[in-house]
Amino acid sequence: MRPAPPVAPWTRTRLHAAPAPAVALALLVFATAFLAAVFPRAVDAYESEGVRSAITDAGAARGGIELTAPAPGLEWDQPEREDAMRDSVLRAQYRKVVAAMPRPIRVDGAQSTYGVRTVKPPAGLDRSLPQPDEIPPQFTLAAQSGVDAHARVRDGRLPKADVTADSREVEAAVTAQTARVMKLGPGSTVRIDSLTGERVTVRITGILEPRHPESAYWSYDPVLRTPSLIDVPGNNSQSPKKRWHAALLLAPGAGAFLPAVDQVPQQYWRVAPDFAALTARDLPALKKRIASLEAGPLRTELRRFAGPDALASTELDKVLTGYEGLRDAVSPIVAVAAYGVGGVAAVVLLMTCSLAAVRRHDELALLRSRGGSVRGIAGRLLAETSVVAVPAAALGLLLAVLVVPDAPAVPSVAAAAGVCVLGCAALPVRAAFTHRRPRAHEGRDDLLTARPSRRRTVAELVLLVLAVGAVVTLRRSGTGADSAGGALVSAAPLLVGGIAALLLVRLYPLPLRLLTRPLARRRGAIGFLSMAGAGRASATQALPLLGLLLALTTAAFGGSVLTGVADARDRTALLAVGADVRVDRGDGTLPASLAAEIRRTPGIGEVTSVHIDWYLRLPDQSTVPLVAVDPAAYSRLTRSTGLGPFGEAELAAGGGSRAVLPAVASPEVARRLGKGPHSFRTPTGSFRAAVGAVRDSTPALPSGSAFLLIDRRHLERPPSTALLATGAAGQRIDTAALTRSARAAGDGVEAHFRAAERAQLTDSPLQSGAERIYAAAVAAGAGYAVLAVLLALLHSAPRRAALLARLRTMGLSTGQGRRLLVLESLPQALLAACGGALVGWAAIGLLAPGIDLARVALAARGPLSGLGLGGVTLRTDPWSLLLPAAGVVVLTAGVAFVQAWWTSRRTTATELRTGDTR
């Protein structure tokens, strides 16, 4: 006989009876699943953006692919040689090259090109051409396809291609910049020597204006667009002789003329890759294809139609290797944040399910005592949580896909599925373990009387061993990609926080006992009742303390990382400029009126003039920069920037012209000069000086170079070579106006801004992506801390409401009731706040030696040693430690106060109804 179906389904009945816990679990699973699913997608997104940015920043010359082959030699008949360099033949080969490019190399057809050029640029023999150092300019002759599509004719016309190797004249066009520098125009001629000794003429027919000068078409070989001064080979003097190097653009079909001026011209096919759709997942395949292109099967395939001597060249492999180095340095730092937030999320989710199991303990014990099996109870609880957790996890995954659409699905689905499994299984597993044996009666489980089990002690010892191993490994080998430990090292902050949290949980009853005894002897019941109530709470109330400590430690660690990164960038930008603004002209002098002009710029506070003589000769015949400044203004500048601060009296000198000037020197210069006075001679006067103070750096030369600093008033009207300006308090510097003033002061005068230097340090998507991850980690840690507080207070809310109602029947006033609930909730909040701040400070101190934030903080393209920063280590941020901790205390007190106020508005009978579980 089949059993009768139940009157009402279990799951629907439970959800109707207690909707609030189900909604809370759904929201928690939703938020956690979203964070778990969006993390791998966000990492993939910024890594993909980073590899694309690295290739783009490398430029066309490094990021492009060029296949070159020598033109047919003299062993070929002349007609065959000329035909091999015709545009139609090169175009057919170009199409085969493009078709041979394997994925993920995508060809940008608009920027790719082909042609023939001279390998040894012939010299222009006309005296009208510019000839610095009396050396004739060189010209690269190139018959490149697509000139008509990438440039417009500003003057004249495009050249024609009706030439052969026997022609004595050929037509060419030049860009506008080439025409301006080389003094060419339509109708101009350039005479060059041919291989036979006769001179041939290149007639200029048009001036071209590139449509997109910075495009890959013009940037792969910049000389096609812009002439350049090059050093003459074989000149080893300190002032090497130079000559101009420019390009003459022949018609695309005029390559047959080049054997007349170059014995072996070069054929080339340039492929401009389009990496707009490249992702980080394509990186291994791309490196493999590039290796095959340079020295592998792909090069062999290209040689079948480009010639047996064809060579493929590109610097993409070096660009990708540099990107991988930055990524490998950043990824372990990001993994620390991921482990921290993931651990906190798991603890809070388990804590929620554990509190739910404790809340329903009597219900499940009753079912077990009346014959319910462990499997049956666990199955019903699994169905109950699955109905809530599975849709919530699916919605979290969907939101993650909408926020970051283009990313691999497998890691996100796996992460969301893991959260879903944890949310579904935690409550059934906890209930099955607790009620594996029916019990008729159980004693009280007060926090003060609870004793840890042996299993818990063993688990804590294992965790302690793991934490010690992680900390030692991290301090020894750091977080680099080649460090030992892997995931264990990344989880070091989480393990340290977990061990400290478990220690505080064990010590939590001790302060309660110490506070309860003196309060019991004092008049008034509020203090004693609050401590007694906190001590009689269930031992499960220690779980929120664990979650709180981990969340606060994660928030403090992440905030300290962000602070360390910001401080390193500020310091690096300051070392690059020396002040908020620096105006100089290389090694030249500045107009005397420029300082007054800059002072009138909005946002400028003070301007300090500096004279720098770069070649002051010391007694040992070595040279160092001499910095001559006004002592009063410059000492204020050093104090405001923190670069080698000193007082005005340490530099100001009195007396006559023969007085010994006090000088401030760098350590190396101070070592060379010693303590005695020395005589110096400069173009602006002679002086005697003795080193009185030693500083590592100074604003005039902030990069850590050697220097000697003196009072400029003892020189003969030294001109200003640099102006250092600081911003006015509360005002923003008008950079556009200051830049205009600098440019108006003459050629070569430039303004450098500290803010602009700092902005350049964040140009890598890998860096900004890592920062966003840590900012999200701080926010998530703070959010889970708030959630742990709310869950703990909501769990104990019915008990505290019933206690307050009973005491009100005994004459407790409304104000006393509020104070009672606030004081009862404070011990755990204060312990969590103080413990979280202390644990965060200790974790940062323990782990700081093994965490180098230099690659996250500073641009990979800039050398750190030149700026005096060998590494950027983690340092404690007081705001990240104290602000979340204070927020926990304020939130706890506020919730307790609101509960007391709300409870006082309800009738006592409502809170003391018989049969309610409090």
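Taking my numbering, the leading residue of the sequence shown gets 186, the next gets one more, and so forth. Using N, Cα and C, we set each Cβ at its ideal position, and we do this for glycine too.
Residue range L501 to R544 is occupied by the alpha helix (DSSP H) that includes Y524. Under the Cβ criterion (8 Å, minimum of three pairs), the region 583-590 does not count as touching the region 527-542.
M995 sits exposed, since fewer than 16 C-beta atoms from the chains shown fall within 10 Å of its C-beta.
Three or more Cβ pairs drawn from the region 768-782 and the region 933-943 lie within less than 8 Å of each other, which places the two stretches in contact. With at least 16 other beta carbons inside 10 angstroms of its own, A965 counts as buried. Bridge partners of D378 according to DSSP: R384. Looking at the DSSP output, E394 bridges to R337. Distance between L988 and G1002, taken at the CA atoms: about 10 Å.
Contact between the region 293-303 and the region 338-348 is absent: fewer than three C-beta pairs spanning the two stretches fall below 8 Å.
Residues of the same chain with a CB within less than 7 Å of the CB of V532, apart from the 5 flanking positions on each side, are L731, G732 and L735 in chain order. Measuring C-alpha to C-alpha distances from P1063 to each of A741, G258 and R489 identifies A741 as the nearest. Per DSSP, reduced to three states, the secondary structure at D919 is coil, with no helix or strand assignment.
Between P458 and the set A431, V282 and A577, the nearest pair of CA atoms involves V282. Beyond the five residues adjoining it in sequence on each side, A1085 comes within less than 6 Å, by CB distance, of G1002, R1003 and L1006 in the same chain, given in chain order. In terms of Cα proximity to E569, the closest of D1037, L535 and H201 is H201. Counting the other CB atoms within 10 Å of its CB gives R396 a total below 16, which places it among the exposed residues. Using a Cβ-Cβ distance cut-off of 8 Å, the region 376-396 and the region 317-337 are in contact, since at least three pairs of beta carbons, one from each stretch, lie closer than that value. Y800: member of the beta strand (DSSP E) spanning I789 to R802, first to last residue.
For G1020, the enclosing alpha helix (DSSP H) stretches over residues T999 to L1032. The Cβ atoms of G682 and A962 do not sit closer than 9 Å to each other. Considering only P321, Y508, L1076 and I392, the residue with the shortest C-alpha distance to K426 is P321. Note that the region 491-498 does not touch the region 578-585; fewer than 3 beta-carbon pairs, one per stretch, sit closer than 8 Å. Assigned with DSSP and collapsed to three states, D881 falls in coil, not helix or strand. Distance from the CA of D406 to the CA of Q451, rounded to the nearest whole angstrom, comes to 14 Å. Proximity of the region 747-755 to the region 692-704 falls short of the contact definition, fewer than three beta-carbon pairs being nearer than 8 Å. For P257, the closest alpha carbon among the candidates L435, L1031, R917 and Y453 is that of Y453. Residue range K427 to L435 is occupied by the beta strand (DSSP E) that includes K427. The three-state secondary structure of Q323, taken from DSSP, is strand. The C-alpha of A470 is placed about 10 Å away from the C-alpha of A476.
Across the set T349, A350, G915 and G372, the C-alpha of G372 shows the shortest separation from the C-alpha of A358. Note: H937 is bridge-paired with R767 in the DSSP secondary-structure output. In this structure the region 869-876 lies against the region 884-902, because at least three pairs of beta carbons, one per stretch, are closer than 8 Å. Leaving aside the five residues that flank P287 on each side, the residues in its chain whose CB is nearer than 6 Å to its CB run, in chain order, R474. Of the candidates A221, T363 and A781, the residue whose Cα lies closest to the Cα of P412 is T363. Residue nearest to S233 within the set V879, L951, L511 and T793 is L951 (criterion: CA-CA distance). Closest by C-alpha distance to H620, out of V766, S890, G561 and T298, is G561.
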